[in-house]
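Chemist:
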Amino acid sequence: MTLDDLNVRFARPDVLQFEPGEGGLIRAVIRHPAATGEMYLHGGHVSAWQPRGQRPVLWMSQRSQFEPGKPIRGGVPLCFPWFGAKPDDPTAPSHGLARLVAWEVDSATADDRGVTLQMSTRVAPHYHVTHAVTFAAELSMTLTVENRGEASTRFEAAQHSYFAVGDIHRALVTGLEQAPFLDQLAGRQRIPATGEPITFSSETDRIYLHDGPAVIEDGAWGRAIRVEKAHSRATVVWNPWIAKAARMPDFGDDEWPGMLCVETANVGERAVTVAPGERWWMRTGVSVATR
Ligand code: TA6
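Numbering (this note's numbering), first residue to last: 657 to 947.
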């Protein structure tokens with residue numbers, strides 16, 4: 657569908673427009689009294705959300721690529737149907753295919769609360785995937801996977817949310833104190849719950865076995881970002897720190913202090929199995945409070 661077709665069908669006066677974005681990729685641009693936001697058709701990718709009165713909540717690298725077949729670095733990449741490296745194919749792209757392909761717009765609605773967009777795509781022959789996102793005073797993102805194949809199938813999924821923080825050295829994450837985690841920097845070794853909030857002083861890459869909310873306490877900017885979720889049994893917490901940031905061409909060497917990933921996921925031992933014809937969903941809700 658062309659840009660003009662999209663605007664004829666889905667634009668909503670004053671609050672929702674489709675425009676050429678970075679790299680010429682088409683994005684939905686939300687300008688609502690409650691919040692502003694952006695969502696690319698590429699990857700069904702939420703790239704910005706800023707509730708009224710707050711700084712931007714999602715982080716985006718200044719070095720991100722915006723090209724078909726390449727991931728966008730920042731916002732909320734969708735990892736599907738696998739997370740990280742594909743176990744049986746080292747040549748497969750990291751975090752699966754969903755974030756690399758073009759999605760279509762299914763629907764757009766607007767009301768006093770905000771703007772809701774739904775996009776969808778097909779991944780492999782049997783998955784129909786939709787991403788329904790409400791940009792309002794809170795951000796709500798629902799990933800739905802329908803198995804249109806003839807057999808049960810197992811997949812991993814994550815909403816790989818990049819959050820903007822004032823200074824990672826002065827940030828901490830609460831809500832995961834009682835959750836054991838798999839340390840991705842140590843071959844996913846299982847580490848017992850620490851009983852403490854998560855603080856950051858080096859590269860951190862952990863898959864917490866956790867199905868509840870988490871809160872990013874941002875001491876530098878005096879705000880808290882609450883990440884609620886449903887139908888997710890793992891929470892991934894990641895900051896690349898100095899060396900890994902320097903190794904990533906689409907990540908500025910000096911950007912790591914300003915971001916933190918808290919990802920709604922179902923990965924590894926907590927992957928998902930869906931029967932033929934079954935529809936499964938996972939949701940992330942984000943809200944911000946000034947401290
Ligand atoms: O979610 C954390 C993680 O799995 C890290 O290991 C790091 O690789 C990050 O995802 C980014 O992955 P990407 O493939 O987008 O570079």
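Cβ atoms here follow ideal geometry from the backbone N, Cα and C, with glycine treated the same way.
Buried or exposed: where does residue 834 fall if 16 or more other Cβ atoms within 10 Å of its Cβ makes it buried?
Modeler: exposed
Chemist: Could you check if residue 904 belongs to the surroundings of the ligand TA6, using beta carbon to heavy atom distance under 7 Å?
Modeler: Result yes, Cβ under 7 Å from the ligand TA6.
Chemist: What separation, rounded to the nearest whole angstrom, lies between the Cα atoms of residue 756 and residue 823?
Modeler: 30 Å
Chemist: Quick one: grab the DSSP three-state call for residue 897.
Modeler: helix
Chemist: Alpha carbon to alpha carbon, how far is residue 677 from residue 782? Give it in angstroms, no decimals.
Modeler: 30 Å
Chemist: Output the residue ranges of the alpha helix (DSSP H) runs that lie fully inside the region 816-878 and measure 4 residues or longer, sorted by chain position.
Modeler: none
Chemist: Assuming residue 664 is part of the alpha helix (DSSP H), what are its boundary residues?
Modeler: 659-666
Chemist: Under 7 Å: does the beta carbon of residue 894 sit that close to some heavy atom of the ligand TA6?
Modeler: The beta carbon of residue 894 sits closer than 7 Å to at least one heavy atom of the ligand TA6.
Chemist: Please report the straight-line C-alpha distance between residue 875 and residue 829, rounded to a whole angstrom.
Modeler: 11 Å
Chemist: With distances taken between CB atoms, is the gap from residue 732 to residue 753 smaller than 8 Å?
Modeler: no
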